[in-house]
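Under my numbering, the first residue of the sequence shown is numbered 4, with each subsequent residue one higher.
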Amino acid sequence: MREVLNMQCNSEKDDADETNITPSEHNGTTLDTKQSDSRDVHSAEENQKSTIDPNLYLYDDDLETRPHISTFISSIANYENTIPAATDPDAKPPPPSARMGTLIGVFLPCIQNIFGVILFIRLTWVVGTAGAICGFLIVLTCCCVTMLTAISMSAIATNGVVPAGGSYFMISRSLGPEFGGAVGMLFYTGTTLAAAMYIVGAVEIVLTYMAPWASIFGDFTKDAEAMYNNFRVYGTLLLIFMGLIVFLGVKFVNKFATVALACVIFSIIAVYVGIFDNINGNEKLYLCVLGKRVLKDIPLENCTKEDPMLQDLYCPDHKCDEYYQNNNVTKVKGIKGLASGVFYDNIMPSFLEKGQFIAYGRNSVDIENIGGQSYNQIMADITTSFTLLIGIFFPSVTGIMAGSNRSGDLADAQKSIPIGTICAILTTSTVYLTSVLFFAGTVDNLLLRDKFGQSIGGKLVVANIAWPNQWVILIGSFLSTLGAGLQSLTGAPRLLQAIAKDEIIPFLAPFAKSSNRGEPVRALLLTIVICQCGILLGNVDLLAPLLSMFFLMCYGFVNLACAVQTLLRTPNWRPRFKFYHWSLSLLGLTLCISVMIMTSWYFALLAMGMAVVIYKYIEYRGAEKEWGDGIRGMALTAARYSLQRLEEGPPHTKNWRPQILVLSKLNDNLIPKYRKIFSFATQLKAGKGLTICVSVIKGDHTKITNKAVDAKTTLRKYMTDEKVKGFCDVLVAQEIGEGLSSVIQTIGLGGMKPNTVIIGWPYSWRQEGRYSWKTFIQTVRTVAACHMALIVPKGINFYPESNHKIGGNIDIWWIVHDGGLLMLLPFLLKQHRTWRNCKLRIFTVAQIEDNSIQMKKDLKTFLYHLRIEADVEVVEMNNSDISAYTYERTLMMEQRNQMLRALGLNKKENSKVDTHNEEKRNSIDSDGPESADAPDITSNKDESTEKTDENMKSSVKPDEFNVRRMHTAIKLNEVIVEKSQDAQLVIMNLPGPPREVRAERESNYMEFLEVLTEGLEKVLMVRGGGREVITIYS
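What follows is the structure, encoded as structure tokens:
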């Protein structure tokens, strides 16, 4: 009690002293010379650490490796990790950019990217072909896909800081590098093909509706191939021009985006105003209709049956077309207006096959080309269906990632991205859905289905609805399409460069480099090449479904990422956006896959195949990245579930397989002594199953932690070099034996604990001062107590490499049955290509009372039921007198033990005799095979010691127990050497260690093993774990 009071008083005194520090002392700048000597030392330490807040002196050691909370928070708050935006390298450094809000930063960019060329040149055709109801469902399905994806994306984007990069970064950090790399490449390919579609669409607007005279392949209204060839040529020229703009004028691209956005918005407004302005229709557009078929290239003044122009066309050689004779020619108003009730005529779908005529109704007489001549009647250029139209329209709803790509420029990304993206989707979806209804209620059915406006003189239908005239839409749609193409050509190379810089796809490494101006020139060149391949298709209706596959794959993986994170309930999954659910994500994923397969199963297989190939490539060759992704969390959950299932009981004999624990010795340089022990483990497992490699280092873990880490790194490198698939670890213990015992008892988890131990043979056990055999025997006993199998390869340095193939015999000497492990091991070795060409030979020993013929027959039957092919031989060993050599060998063994006892060589004195060897003893094995002929005692013995030696020799008589064991070892060795000296590998039972824990018994045991394996180059001693590991039953 008195000591406690004294300590408390001293503590109070120290506290009082601290309160007497002057202000200058508080800052660590002066010292108070009146303090005691101990306080002087303390003040000197304060002066050295003047930069540390006095309130944090208690944590001054931690501050070296763990930052102060203010520093940590500051670094987090200023976190920035985005793909550099496209900038003009010649421009002056801009002032710090103002953080953008939801409207400018997310909503308007999404609007610009979502509205595209399909809205202007294909939506009316989709409505006319699918009808109002199916057209509405097509648009609604596509919008639901993007809305569900936006909900999932909002959850991911608000779960912490999301760098720029769109779906690639979100998916790669949520599902791992394999999925991320695959989806990143799909997203890149989709963006590149989108640029091709925009370019072909822009060329189509110019050639078809603005300057048809520019055709270089003749009248394309009469030949579709001529039109597509025009698109290919002009598309290539436009691609080269746009590629130069992107390469030289990034500043222009960024500024042109504003112009393109204004064009899109103004064009849509013009269309809506035009719809209500023409509510009662207009007299601008009339169609010429023969019966129910729409005609092209006929001026309205010639649209009568009596007109010579039609007569000459349909009645060549005074023989008229039958359909022409039976039907009249009429003029039909193209723009009828909402008040006309034409909506009811456009409700039902009018899907056609390629080559059928565009006509009212579904009567086969009207739509089938019976006569084989089309004259000037408009035909369907492709076979249409509900699913095909989804694929063609879907690119109109892509572009929802534009907001997340700008997360680094947003004032509050976690607030702006969900609100801006979802509002943009709601806005565009409203525009699309109302446009379907307005087009169906305004335009005649035949004009809606006329894809290229050939019935009205090659005019754009949407443009003729708009107010005040068609040029507003033509110019606006062309500029907006051009801007979207430039944005795609600008963004795609940077996305490819970002993937390359992540180093997950090795062959993309050249594209990670930038030019001197900071531009991804290499990536741009590859993008132009891929884009050119898309342009060569020459048809928007082919490009749209193809790029739809890539975007649908990306959106599907975004939904999958959200669903996985939600279902796993990982601690880091804490999105600020709360209006999400795993069921919505799975519904979005299902919709994406369904739309892909329904739209074009072969394009879907192409996209999926591309994703699988990239995934497997990254898995096989890619760099290992740990991004805390959901797939690894899923693997952890699955592993936990499997381990819990395995914990229910031991595996059945049919399911038993060696789960290996390799105990490896490290030398002074922390390098494994026996590299080939890893090769042997690989050959035994054939790259499958559980393998754990462990080394034990002697010492204090708190003092040699770095040494243990280095040793583990080296161990992992050796495992990788030898293709050992498994885990490794290094244990630091005060005693090697205790460390090994701890490893064997505790290694593994649940049902995935190792059941087989591989331990090296202690070659230098005979040397004085090297009691490595004690560690060896202790380990053998521990393995047996844990009911684990034990494998001891002797002559490991002579074992073959894993990349070598050998031929010859593998001889199994089956002395005692201990679970059938001797049968199973050679079979497993032969699964590896190194041992595949070897033949198995099984030898067993028959005593004098055994029937060797029946034994051989029974053994062959047993092997037949085991489905193991091997030659069988029964070796008869007759009882013979114990030879003089046996007595001599036993006497030498016992004399050595007694000499050691007489000399009093305990453990401490042993270390004095051979200090160098004692320092090396830091793991399970000893050094390599050393000379067994080393002298038994030191060379500096005096004469008295030699006399003692002679007296002991005369007095020692061999113990009968040792003589019998030595006799067995010698006789067995003679037989084994005679039969198996040329074998590539000899596998035999490992005799059990002595039950008595006495140095003499243990030393004798090691001598018996040496005699048993003498004269054999490669030996594998095996001891079972006490259970059956092989069965004849199916």
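Positions of the beta carbon are idealized from the N, C-alpha and C atoms, including for glycine.
Predicted model only: the values in this text are computed from it and were never measured.
* Simplified DSSP state of Lys-322, which is helix, strand or coil -> As a first step, residue 322 must be located in the sequence shown, where it is residue number 319. Residue state, collapsed to three classes: coil.
*Return the first residue and the last residue of the alpha helix (DSSP H) that Trp-474 is part of.*
Start at 1 with the first residue of the sequence shown, and residue 474 comes out as number 471. Per DSSP, Trp-474 belongs to the alpha helix (DSSP H) from 473-504.
Requested in this report: Please list, in chain order, all residues of the same chain as Asn-162 whose beta carbon is under 7 Å from its beta carbon, the five residues on each side excluded.
Outcome: Counted from its first residue, the sequence shown places residue 162 at position 159. Cβ within range, chain order: Trp-576, Arg-577 and Pro-578.
(Q) Please identify the residue among Val-1022, Gly-1029, Leu-975 and Asn-965 whose C-alpha is closest to the C-alpha of Glu-1003. (A) As a working note, residue 1003 is residue 1000 in the sequence shown. It is Asn-965 whose Cα lies nearest to the Cα of Glu-1003.
Use the C-beta contact count for Arg-520: other C-beta atoms within 10 angstroms, 16 or more gives buried, fewer gives exposed. One-based indexing of the sequence shown puts residue 520 at position 517. Exposed is the label assigned to Arg-520, since fewer than 16 other Cβ atoms lie within 10 Å of its Cβ.
Complete beta strand (DSSP E) runs within the segment 806-869 (minimum length 3 residues, chain order)
810-817 and 840-849
Open item on the list: Residues in the same chain with beta-carbon distance under 7 Å from Gly-104, minus the five sequence neighbours each way, listed in chain order, please.
Closed with: The residue you call residue 104 lines up with position 101 of the sequence shown. So the list reads Ala-414 and Ser-419, once near-sequence residues are dropped.
- Task: State yes or no: is the C-beta of Ser-353 within less than 9 Å of the C-beta of Arg-452?
- Result: Residue mapping note: residue 353 aligns to position 350 of the sequence shown, counting from 1. Residue mapping note: residue 452 aligns to position 449 of the sequence shown, counting from 1. Yes, Cβ-Cβ distance for Ser-353 and Arg-452 is below 9 Å.
Measure how close the beta-carbons of Ile-813 and Ile-990 come, nearest whole angstrom, since I'm counting them as under 8 Å. Taking the sequence shown and counting its residues from 1, the one referred to as residue 813 is at position 810. Taking the sequence shown and counting its residues from 1, the one referred to as residue 990 is at position 987. That belief holds up - the Cβ atoms of Ile-813 and Ile-990 are roughly 7 Å apart, short of 8 Å.
- Message: Do Trp-764 and Asn-992 count as a contact pair if the criterion is CB distance below 9 Å?
- Response: Numbered from 1 along the sequence shown, position 989 holds the residue referred to as residue 992. Numbered from 1 along the sequence shown, position 761 holds the residue referred to as residue 764. Contact: no.
Fill in: Span of the alpha helix (DSSP H) around Lys-679
As a position in the sequence shown, residue 679 is number 676, starting the count at 1. That run of the alpha helix (DSSP H) goes 679-688.
Checklist entry - Looking only at C-alpha atoms, which of Val-335, Gln-737 and Leu-718 sits nearest to Lys-728? => result As a working note, residue 728 is residue 725 in the sequence shown. The shortest C-alpha separation from Lys-728 is found at Leu-718.
Distance CB(Met-969)-CB(Val-1022) smaller than 9 Å:
As a working mapping, residue 969 is identified with position 966 in the sequence shown. As a working mapping, residue 1022 is identified with position 1019 in the sequence shown. By the CB criterion at 9 Å, Met-969 and Val-1022 fall outside the cutoff.
Looking only at its own chain, which residues have a Cβ that is under 6 Å from the Cβ of Ala-229, when we skip the five neighbours before and after it? Locating residue 229 in the sequence shown gives position 226, where the first residue counts as 1. The residues are Phe-220, Gly-221 and Phe-223.
Checklist entry - Going by the CB atoms, is the gap between Phe-846 and Ile-871 shorter than 9 Å? => result Counting from 1 along the sequence shown, the entry for residue 871 is found at position 868. Counting from 1 along the sequence shown, the entry for residue 846 is found at position 843. The answer is no: Cβ separation not under 9 Å.
(request) Name the residue from Gly-238, Phe-1011 and Ser-983 whose alpha carbon lies nearest to the alpha carbon of Arg-967. (result) One-based indexing of the sequence shown puts residue 967 at position 964. The residue with the shortest Cα to Cα distance from Arg-967 is Phe-1011.
Straight-line Cα distance separating Arg-125 from Lys-295
The count along the sequence shown starts at 1 and reaches residue 295 at position 292. The count along the sequence shown starts at 1 and reaches residue 125 at position 122. Straight-line spacing of the CA atoms in Lys-295 and Arg-125 works out to 23 Å.
query = Since Ile-794 and Pro-996 are thought to touch, with beta carbons under 8 Å apart, how far apart are those beta carbons, to the nearest angstrom?
reply = Position 791 of the sequence shown, counted from the first residue, corresponds to residue 794. Position 993 of the sequence shown, counted from the first residue, corresponds to residue 996. That belief does not hold up - the Cβ atoms of Ile-794 and Pro-996 are roughly 15 Å apart, past 8 Å.
Q) For Ile-680, which residues of its own chain have a beta-carbon under 8 Å away from its beta-carbon, when the five flanking residues on both sides are left out? A) Looking up residue 680 in the sequence shown gives position 677. Once the five neighbours on either side are set aside, the close Cβ partners of Ile-680 are Val-665, Ser-667, Ile-761, Gly-763, Pro-796 and Ile-799.
**OP:** Reducing DSSP to helix, strand and coil, say where Ser-218 ends up.
**Re:** Numbered from 1 along the sequence shown, position 215 holds the residue referred to as residue 218. The answer is coil: DSSP assigns Ser-218 none of H, G, I, E or B.
Report task. Taking only the alpha-carbon atoms, compute the straight-line gap between Ala-205 and Gly-479 and give it to the nearest angstrom. Result -> Along the sequence shown, one-based indexing puts residue 205 at 202. Along the sequence shown, one-based indexing puts residue 479 at 476. Whole-angstrom Cα-Cα distance: 11 Å.
* Asked: Which residues in the same chain have their Cβ closer than 6 Å to the Cβ of Trp-838, if we skip the five residues on either side of it in sequence?
  -> Here residue 838 refers to the residue found at position 835 of the sequence shown. Beyond the five residues adjoining it in sequence on each side, Trp-838 comes within less than 6 Å, by CB distance, of Leu-832 in the same chain, given in chain order.
**Prompt:** Whose CA, out of Leu-143, Phe-554, Thr-493 and Pro-215, lies closest to the CA of Arg-525?
**Reply:** Within the sequence shown, the letter at position 522 stands for residue 525. Out of Leu-143, Phe-554, Thr-493 and Pro-215, Thr-493 has the C-alpha closest to the C-alpha of Arg-525.
Assuming the contact rule is C-beta atoms closer than 8 Å, Val-155 and Asn-562 should be a hit. Round their C-beta distance to whole Å, please.
As a first step, residue 155 must be located in the sequence shown, where it is residue number 152. As a first step, residue 562 must be located in the sequence shown, where it is residue number 559. Note on residue identity: the sequence assigns Ser, not Val, to residue 155. At roughly 5 Å, the Cβ-Cβ gap stays under 8 Å, so Ser-155 and Asn-562 are in contact.
**Q.** Rounded separation between Glu-267 and Leu-485 - CA only
**A.** Within the sequence shown, the letter at position 264 stands for residue 267. Within the sequence shown, the letter at position 482 stands for residue 485. It should be pointed out that residue 267 corresponds to Val in this sequence rather than to Glu. One C-alpha to the other measures close to 11 Å.
Original post:
Any idea what DSSP makes of Val-727, helix, strand or coil?
Top reply: Taking the sequence shown and counting its residues from 1, the one referred to as residue 727 is at position 724. Of the three classes helix, strand and coil, the one that applies to Val-727 here is coil, per DSSP.
**Asked** Does DSSP classify Pro-548 as helix, strand or coil?
**Response** Taking the sequence shown and counting its residues from 1, the one referred to as residue 548 is at position 545. Three-state result, Pro-548: helix.
DSSP three-state label for Thr-918, please. As a first step, residue 918 must be located in the sequence shown, where it is residue number 915. Note that Thr-918 scores 40 on pLDDT, short of 50, meaning its location in the model is unreliable; the coordinates nonetheless yield the value given after this. Looking at Thr-918 - three-state DSSP - the assignment turns out to be helix.
*Since I believe Ile-370 is in contact with Gln-359 (beta carbons under 8 Å), could you give me their beta-carbon distance rounded to a whole number of angstroms?*
Within the sequence shown, numbered from 1, the residue matching residue 359 stands at position 356. Within the sequence shown, numbered from 1, the residue matching residue 370 stands at position 367. The pair is a contact, with the Cβ atoms about 5 Å apart (cut-off 8 Å).
inquiry  = Is the beta carbon of Ala-547 closer than 9 Å to that of Ile-425?
reply    = Against the sequence shown, residue 425 aligns to sequence position 422. Against the sequence shown, residue 547 aligns to sequence position 544. No, Cβ-Cβ distance for Ile-425 and Ala-547 is not below 9 Å.
Self-check item: Beta-bridge partners of Thr-333, as assigned by DSSP
Solution: The count along the sequence shown starts at 1 and reaches residue 333 at position 330. Paired residue(s): Val-292.
Sub-9 Å separation of Val-130 and Ala-443 beta-carbons:
Here residue 130 corresponds to residue number 127 of the sequence shown, with the count starting at 1. Here residue 443 corresponds to residue number 440 of the sequence shown, with the count starting at 1. Taking 9 Å as the Cβ cut-off, Val-130 and Ala-443 qualify as a contacting pair.
Once DSSP output is grouped into helix, strand and coil, what is the label at Thr-390? As a position in the sequence shown, residue 390 is number 387, starting the count at 1. Thr-390 falls in the helix class under three-state DSSP.
So, is Asn-467 buried or exposed, given that buried needs 16 or more other C-beta atoms within 10 angstroms?
Numbered from its first residue, the sequence shown carries residue 467 at position 464. Result: buried.
Between the segment 490-506 and the segment 179-198, can you find at least three pairs of beta-carbon atoms closer than 8 Å?
yes
Classify Asn-329 as buried or exposed, calling it buried when 16 or more other Cβ atoms lie within 10 Å of its own Cβ.
On the sequence shown, position 326 is the one that residue 329 refers to. By the 10 Å Cβ count, Asn-329 comes out exposed.
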